[in-house]
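Heads up: the structure comes next, in structure tokens.
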């Protein structure tokens, strides 16, 4: 097919830069990764841009393409991204501030570049190629160290002014509640992240020495699965899981009422629980959503793309 289109997708992380060649059908033809080699500050940012450019050139060469055959480079990056300008406004883990990554990369590769926040990129990837590929309106929530958010309306990302919006994890669900890393209290992230689930599991164990969860050996061994694993045989584990699901459902019902998406996609490690997570969540959201059964329903589904979400979503920025 002479008219086939090719894209470079880049998933920029704090430890590794992952890159891939993606075609217009959403097939990843080649994947390569390289260390990010982070050094704090401006020089470090330039070095990372050079590492990305080297990766891009290597991918194009290995796939037997020329730069002229590549539509563009799409990239998902952590932090606050001004996607219109291609500027990383703030990335706390790397100490970056107002770094014109898009412009720098265009100068190094000769290819046009589009950048968006990594959670937004994962959301557009799931809508184009994954769990929401039959829908144009979707919300994605990632449940990991924090709670990321992505909003797709009419098939397009909704990012807010300078791409700084869609921080769904930082909507407050408990006024004056648990302290969040953002400085506010009671954010969804402070209740529905894997970090919060682990914190609450540890608290339950420390408060109840008779909990069966102590069978894991020590408090250091607690992970996001512990409470779910023991919920059937331990009343304290059951309480942790129920509280977690109720708080998450509160946030999801809010988003369902604001956006009335066709689907809510959940991603991140906690989603390995599958139906044990989704079924009780769906029940609460169906009950709490505005107008109940009279309005359009909002199904909750698990993300499908896994580790490919970043690359496919990055390429989808061009589609």
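Residue numbers (our numbering): 641 to 959. No residue lacks a Cβ here, since even glycine has one placed at the ideal position from N, Cα and C. Bear in mind the structure is a predicted one, so any value in this text is a computation, not a measurement.
Nonlocal neighbours in the same chain, by C-beta distance under 6 angstroms from residue i, ignoring five residues either side
i: residue 877; result: 853, 867, 870 and 871
i: residue 831; result: 887
i: residue 924; result: 889
Cβ-based neighbour list, residue i, same chain, cut-off 7 angstroms, excluding 5 preceding and 5 following
i: residue 838; result: 862, 863 and 864
i: residue 807; result: 789
i: residue 693; result: 745, 748 and 749
N- and C-terminal bounds of the alpha helix (DSSP H) containing residue i
i: residue 862; result: Residue 862 -> no alpha helix (DSSP H), and no H or E assigned at all.
i: residue 898; result: 875 to 899
i: residue 761; result: 758 to 769
i: residue 716; result: It is not in any alpha helix (DSSP H) - residue 716 instead sits in the beta strand (DSSP E) that spans 710 to 717.
Boundaries (first-last residue) of the beta strand (DSSP E) holding residue i
i: residue 675; result: 668 to 675
i: residue 706; result: From DSSP, residue 706 is part of no beta strand (DSSP E); its letter is neither H nor E.
i: residue 782; result: 778 to 783
i: residue 950; result: Where residue 950 is concerned, there is no enclosing beta strand (DSSP E), although the alpha helix (DSSP H) it sits in stretches over 949 to 956.
i: residue 926; result: Run containing residue 926: none in the beta strand (DSSP E); it sits in the alpha helix (DSSP H), 915 to 928.
i: residue 840; result: Residue 840 -> not in any beta strand (DSSP E); alpha helix (DSSP H) instead, spanning 834 to 847.
i: residue 751; result: It is not in any beta strand (DSSP E) - residue 751 carries neither H nor E in the DSSP assignment.
Residue i, buried or exposed, once every other Cβ within 10 Å from all chains shown has been counted against 16
i: residue 656; result: exposed
i: residue 714; result: buried
i: residue 793; result: exposed
i: residue 625; result: With the chain covering 641 to 959 only, the question about residue 625 has no answer from this structure.
i: residue 660; result: buried
i: residue 875; result: exposed
i: residue 946; result: exposed
i: residue 658; result: buried
i: residue 898; result: exposed
i: residue 843; result: exposed
i: residue 707; result: exposed
Rounded distance between the beta-carbons of residue j and residue i, thought under 8 angstroms
i: residue 901; j: residue 778; result: 5 angstroms
i: residue 795; j: residue 943; result: With 8 angstroms as the limit, residue 795 and residue 943 do not qualify as a contact, their Cβ atoms being about 18 angstroms apart.
i: residue 904; j: residue 917; result: Contact doesn't hold; Cβ gap of about 12 angstroms is too wide.
i: residue 672; j: residue 705; result: Contact flag wrong, Cβ pair sits at about 14 angstroms.
Residues near residue i in its chain [Cβ-Cβ closer than 8 angstroms; skip 5 each side]
i: residue 732; result: 719
i: residue 1015; result: Here the chain comprises residues numbered 641 to 959, so residue 1015 is not present and cannot be evaluated.
Exercise. Touch check for the segment 682 to 699 and the segment 730 to 749: three-plus C-beta pairs under 8 angstroms?
Worked result: yes
Problem set entry | Segment contact, 8 angstroms Cβ cut-off, at least three pairs: the segment 754 to 764 with the segment 878 to 885 | no
Exercise. For the 8 angstroms Cβ check, are there 3 or more pairs between the segment 925 to 944 and the segment 797 to 807?
Worked result: no
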